[in-house]
Structures are given as C-alpha cells and as structure tokens.
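Report on the following structure.
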Amino acid sequence: MRLKPILALLVLASLLPILAAAAPDEASGIVTNVVDGDTFDLRIDKTDPRIIYEIERVRLADVDSPEMSTPEGRPAKVFATDTLLGQKVWLDIDDKSRDGRDPYGRLIAVVYLEDPDGTINTTHPFNRLLVDAGHAIVKDFTNNEFDPAAWWEEGIPQPELSPVPDTTTAAKGGQFVGSVRSDKYHYPSCKWGRSIASHNEIWFSSSQEARAAGYVPCGACKPP
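In UniProt numbering, the protein residues as written are 1 to 224.
So this is what it looks like as structure tokens:
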C-alpha cells in the first residue's frame with residue numbers, strides 16, 4: 001500500500017534536474033550601467049540568496065563581445081546600451097560556479113528581457129540577441145551549467161559552439177597565450193600577448209588546443 005507514495009517521490013526526484021535546469025526568474029532588476037557588450041550593472045529588485053550588493057555587476061554567460069580597445073568594442077556596447085539601459089531584466093544565475101560568480105565577483109547569468117505585458121521572454125535571452133546581432137561570439141565555457149545550443153529553437157541556424165576550458169584551472173606558462181575576452185592566441189613574446197591583463201589570460205599547450213577552444217592565430221606574431 002505504500003508503493004504509490006514511494007513511486008511518486010521517485011518520479012518527482014527524476015524531474016528535479018529538469019526543473020532546476022531552467023530558472024529565468026532567480027533575480028531581477030533595472031540596468032543602471034553598461035560596461036561593454038557582455039557586462040553591465042544591475043540595481044537589484046527581486047533578490048536571490050547569492051545577491052550580496054544593491055547593485056551587482058553581471059557577466060553574460062557563454063558569450064564574448066569584442067574588447068573596448070578594438071574597433072568592434074564600441075558598437076557592441078552601443079547595442080547593449082540601447083537594449084538594456086534603464087530596462088528591467090531577469091537573471092538565470094549559474095548554479096555550478098561558486099555563489100554564481102566568476103573569479104572577479106561578477107554574477108554569471110543568462111539574461112532575459114521583459115515583454116510589454118510584463119512576462120519574461122524566455123525564448124530569446126539577451127545572450128542570444130547579442131550573438132544574432134553580430135556583437136558577440138558563443139563560447140561554451142565548461143565551468144558553468146549553461147548550454148548555449150538551447151537558446152536557438154529547432155530549425156534555427158546556430159552559430160558554431162566551441163567548448164572553452166575552465167580558465168581557473170588552466171595552467172600558466174604554456175606555449176601560447178590568449179585572452180578570455182578575445183578569440184586570438186599569441187606567442188607569449190608577442191606585444192599583444194604581453195598586453196593581456198593577467199586575470200584575463202588563458203594558456204594553451206599547443207596550437208591544436210587553442211584552435212579546439214575556438215581561438216585563431218594572432219595576425220601579428222603568426223603562431224601556427
């Protein structure tokens with residue numbers, strides 16, 4: 001007679017990973033400042049246990065916009081500003097990283113806009129909109145919970161998804177160096193390689209490893 005409750009619990013337990021996989025309403029707020037194409041500041045409205053500041057800096061998960069020092073950086077920021085500034089957005093915060101943050105204290109999230117009727121637009125996260133507009137590339141980082149392929153509906157052409165190693169465990173001193181904010185890899189002696197901030201460095205033991213992670217050779221130092 002007790003089998004039915006037990007079976008019900010087992011079925012519920014099997015659904016929990018699915019239910020936990022999509023949580024577009026963990027936190028919300030108004031965008032107060034746009035740093036660049038993939039980073040902005042949010043004044044928190046609806047909070048979450050991982051929220052610790054009234055204004056939090058948010059880093060879009062699994063996309064990479066051009067650095068502001070490049071010609072493409074400003075158009076990416078303008079697009080993000082036009083879309084986000086002063087708008088209410090909702091966050092699905094990464095559950096895999098510690099406290100939902102990257103090593104620099106920014107919340108890692110998939111970001112959703114509100115429709116005019118006040119509902120959350122879960123079909124077109126801003127992460128995807130930025131890529132579709134040509135202002136970011138997809139980088140499927142392996143150290144968070146998200147699967148960028150899920151942002152595009154079946155039948156919709158998707159950009160190439162390149163897995164990227166967890167930069168917190170990547171060993172320094174490899175043969176080539178890149179930046180987590182760019183898609184180029186360099187010889188360590190290259191002037192562009194030397195200009196990468198230490199907290200943005202990602203090292204590769206071979207050109208094959210760099211290319212497999214979605215990086216391309218620097219046009220100045222021309223690594224293999």
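Built from N, CA and C at the ideal position, the CB exists for glycine as well.
Note that the structure is a prediction, hence the values are computed from the model and not measured.
Please report the residue range of the beta strand (DSSP E) in which ALA27 lies.
27 to 36 is the extent of the beta strand (DSSP E) around ALA27.
DSSP state of GLU67, grouped into three classes?
The answer is coil: DSSP assigns GLU67 none of H, G, I, E or B.
Tell me which residues share the same chain as LYS46 and place their Cβ nearer than 6 Å to its Cβ, disregarding the 5 neighbours each side in the sequence.
Counting only Cβ-Cβ distances below 6 Å, and skipping sequence neighbours, we find ALA27, SER28.
Report yes or no: do the region 43 to 60 and the region 93 to 109 share at least 3 C-beta pairs separated by less than 8 Å?
The region 43 to 60 vs the region 93 to 109: in contact.
Using a Cβ-Cβ cut-off of 8 Å (strictly less than) and excluding sequence neighbours within five positions of THR123, which residues of its own chain qualify?
Residues of the same chain with a CB within less than 8 Å of the CB of THR123, apart from the 5 flanking positions on each side, are GLU153 in chain order.
Bounding residues of the beta strand (DSSP E) (the contiguous stretch that carries THR39)
Segment 39 to 44, the beta strand (DSSP E) holding THR39.
In angstroms with no decimal places, state the Cα-to-Cα distance between GLY100 and ALA220.
Roughly 37 Å separates the two Cα atoms.
Going by C-alpha to C-alpha distance, which of LEU130, SER189, ALA212 sits closest to ASP38?
Looking at the Cα atoms, LEU130 is the closest of the given residues.
Are the Cβ atoms of GLU67 and ARG181 separated by less than 8 Å?
Taking 8 Å as the Cβ cut-off, GLU67 and ARG181 qualify as a contacting pair.
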